[in-house]
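S.K.: Sharing a structure, written as structure tokens. Questions coming.
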Ligand SMILES: Cc1cc2nc3c(=O)[nH]c(=O)nc-3n(C[C@H](O)[C@H](O)[C@H](O)COP(=O)(O)OP(=O)(O)OC[C@H]3O[C@@H](n4cnc5c(N)ncnc54)[C@H](O)[C@@H]3O)c2cc1C
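Residue numbers (the numbering used here): 318 to 722.
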């Protein structure tokens, strides 16, 4: 009897915890969107602005400046824009997102991101409502019951783009009007805000001057101290930056002649995430492409495998154990591997949901003497997570920069 009561308490507590987690997700997905963003306002600002980084957030800052005819320049370290958004059109018969892929918020978010009023969404989305999924602990493959997927979906209304990608969305709605102002191959390594103007230096030895600067590099890049700030940031700000967990990780897409796998296979890991998933999920596609995402400590196990081909062999071996050798038999030999955790200008994948407390967020969003501002995924005041958070943070920061006295 005593044992049954204890069991009941455990079950109720676990359910409660699970439900409260789901509810927090739901709140994040529905209620936190701003009524309007900087895209709906007009600004009179006479100064010059430099934006460091041409990811989703940097491009969003630029969109506001462009709309208001403000003098600005984007310095981007690599030879492309998009940052952690990237698409491939060579592997499959449909475009693949090899960076961000899912919309983890309500579909209406897309309208907010492009400044469109009203509820009607232009994009065709696929609700991420799984038909079948499974779990794998390294030894046992278990099919998840259907009710579990339905239950999760009612709290987590995720979706994917049907014929396009996250990269296309940002390219079309944000980058299009600002890309002419990007200076590529310009990694910034110094920002001196000790004088009236801010001096920005790049690794190539070039120097730029601006009234205000927005830094939009990933928190991993900030943590690596690649950029020297003069004077140094306050201790409180440094601590807030260093306390953010930014997992290493990579993504793989592999092409098969047969679809032998379910929509999702979640793999058991001690820290981070690991899973296989159908990249062609509910797309009108003739190609079978299985995705693999790994972040956190487990990543190291794969990073120890060199060359890259060994990572693919090890994934095929794992799949063969789950599916009786079907993976090797139907593997086409074609894959893409994007190693975000080891790119110098990314240094990780994404920040974990809910780790930023309110006070943390406030410190992270503080400017340096109203001269150097920050925007990007971790500064997301609206708690939309990932790409939407990065873009909304860009609009929020643009508004702050243009209105600060
Ligand atoms: C594999 C993967 C899967 C993901 N999945 C999802 C998902 O499904 N849904 C979702 O919403 N989000 C997802 N994310 C997270 C999402 O991609 C990011 O939150 C978002 O793109 C971050 O945008 P950002 O502008 O803040 O940063 P970034 O995209 O990192 O942009 C920063 C830019 O700064 C540049 N830069 C860096 N250092 C310097 C320097 N010193 N000088 C000049 N430029 C510099 C970089 O090259 C980059 O272009 C995923 C990320 C990864 C890696």
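Glycine included, every Cβ here is placed at the ideal spot set by N, Cα and C.
None of these values were measured; they are calculated from a predicted model.
Report yes if the C-beta of residue 667 is less than 6 Å from at least one heavy atom of ligand 1; otherwise report no.
M.R.: yes
S.K.: Ligand 1 and residue 486: does the residue's C-beta get closer than 6 Å to at least one heavy atom of that ligand?
M.R.: no
S.K.: Using the C-alpha atoms, what's the distance from residue 402 back to residue 693?
M.R.: 13 Å
S.K.: Helix, strand or coil for residue 716, going by three-state DSSP, please let me know.
M.R.: helix
S.K.: State whether the stretch 558-576 contacts the stretch 610-630, with contact taken as three or more CB pairs (one from each stretch) at a distance under 8 Å.
M.R.: yes
S.K.: Pull up the distance between the alpha-carbon of residue 485 and that of residue 417, whole angstroms please.
M.R.: 11 Å
S.K.: Determine the burial state of residue 520: buried for a count of at least 16 other Cβ atoms within 10 Å of its Cβ, exposed for fewer.
M.R.: exposed
S.K.: Just the C-alpha distance for residue 318 and residue 589, rounded to the nearest angstrom, thanks.
M.R.: Residue confidence for residue 318 is low, a pLDDT of 39 falling below 50, so the modelled location carries little weight; the figure read from the coordinates is stated next. If I take the Cα positions, the gap works out to 38 Å.
S.K.: Look at the Cβ atom of residue 393, then the Cβ atom of residue 546, and state whether they are nearer than 7 Å.
M.R.: no
S.K.: With a Cβ-Cβ cutoff of 7 Å, do residue 374 and residue 482 count as a contact?
M.R.: no
S.K.: Helix, strand or coil: which one does DSSP assign to residue 531?
M.R.: In this structure, residue 531 counts as strand in the three-state DSSP scheme.
S.K.: The beta strand (DSSP E) spanning residue 605 covers which residue range?
M.R.: 605-612
S.K.: Report the three-state DSSP secondary structure of residue 342 (helix, strand or coil).
M.R.: Its pLDDT being 44, under 50, residue 342 is placed unreliably by the model, and nothing is read from it.
S.K.: Taking all protein chains shown into account, do 16 or more other C-beta atoms lie within 10 angstroms of the C-beta of residue 350, making it buried, or fewer, making it exposed?
M.R.: buried
S.K.: Using 7 Å as the threshold, is the C-beta distance between residue 476 and residue 701 below it?
M.R.: Result no, Cβ atoms of residue 476 and residue 701 do not sit closer than 7 Å.
S.K.: Going by DSSP, what residue range makes up the beta strand (DSSP E) through residue 492?
M.R.: Counting along the chain, residue 492 falls outside any beta strand (DSSP E), and DSSP gives it neither H nor E.
S.K.: Give the DSSP bridge partners of residue 378, in chain order.
M.R.: DSSP, once it has assigned bridges, lists no residue as partnering residue 378.
S.K.: Smallest Cα separation from residue 682: which of 578, 528, 579, 536?
M.R.: 536
S.K.: Use the C-beta contact count for residue 539: other C-beta atoms within 10 angstroms, 16 or more gives buried, fewer gives exposed.
M.R.: buried
S.K.: For residue 618, name the three-state secondary structure that DSSP assigns.
M.R.: In the structure shown, residue 618 falls within a helical segment according to DSSP collapsed to helix, strand and coil.
S.K.: May I have the straight-line CA-CA distance separating residue 636 from residue 578, to the nearest angstrom?
M.R.: 9 Å
S.K.: Just confirm the distance between the C-beta atoms of residue 302 and residue 689, as a whole number of angstroms; I'd bet it's less than 8 Å.
M.R.: The requested residue 302 is not part of the displayed model; the chain covers only 318 to 722.
S.K.: In chain order, which continuous runs of the beta strand (DSSP E) of length 3 or greater are located wholly inside the stretch 365-453?
M.R.: Counting only runs of 3 or more residues that sit fully inside the stretch 365-453, the beta strand (DSSP E) segments are 365-369, 388-392, 442-444, 450-453, in chain order.
S.K.: Hey, residue 505 and residue 515 are a contact pair by Cβ (cut 8 Å); roughly how many whole angstroms apart?
M.R.: 11 Å between Cβ atoms; not a contact.
S.K.: Bridge partners for residue 654 per DSSP, in chain order?
M.R.: The partner list for residue 654 (beta bridge, DSSP) reads 569.
S.K.: Can you give me the Cβ contacts of residue 357 inside the same chain, cut-off strictly under 6 Å, excluding the 5 residues immediately before and after it?
M.R.: none
S.K.: Which word fits residue 650, buried or exposed, when buried means at least 16 other C-beta atoms lie within 10 angstroms of its C-beta?
M.R.: Around the Cβ of residue 650, a 10 Å sphere holds fewer than 16 other Cβ atoms; the residue is exposed.
S.K.: With a threshold of 16 other CB atoms inside 10 Å of the CB of residue 655, please say whether the residue is buried or exposed.
M.R.: Buried: at least 16 other Cβ atoms inside 10 Å.
S.K.: Only counting the same chain, and skipping five residues up and downstream in sequence, which positions put a Cβ closer than 6 Å to that of residue 399?
M.R.: 484
S.K.: Can you list, in chain order, the residues of its chain with a C-beta nearer than 6 Å to that of residue 605? Leave out the 5 residues immediately preceding and following it.
M.R.: 573, 576
S.K.: If you follow the beta strand (DSSP E) that residue 592 is part of, which residue opens it and which one closes it?
M.R.: Segment 590-595, the beta strand (DSSP E) holding residue 592.
S.K.: Between which residues of its own chain and residue 629 is the CB-CB distance below 6 Å, once the five residues before and five after are set aside?
M.R.: 652
S.K.: Which one or two residues does DSSP pair with residue 509 in a beta bridge?
M.R.: 516, 547
S.K.: So is residue 370 buried or exposed if we call it buried at 16+ other beta carbons inside 10 Å?
M.R.: buried
S.K.: Contact defined as beta carbons within less than 8 Å: I believe residue 383 pairs with residue 441. What is the distance between those atoms, to the nearest angstrom?
M.R.: With a Cβ gap of about 28 Å, residue 383 and residue 441 do not count as contacting.
S.K.: From 675, 462, 409, pick the residue whose C-alpha is nearest to that of residue 602; which is it?
M.R.: Looking at the Cα atoms, 409 is the closest of the given residues.
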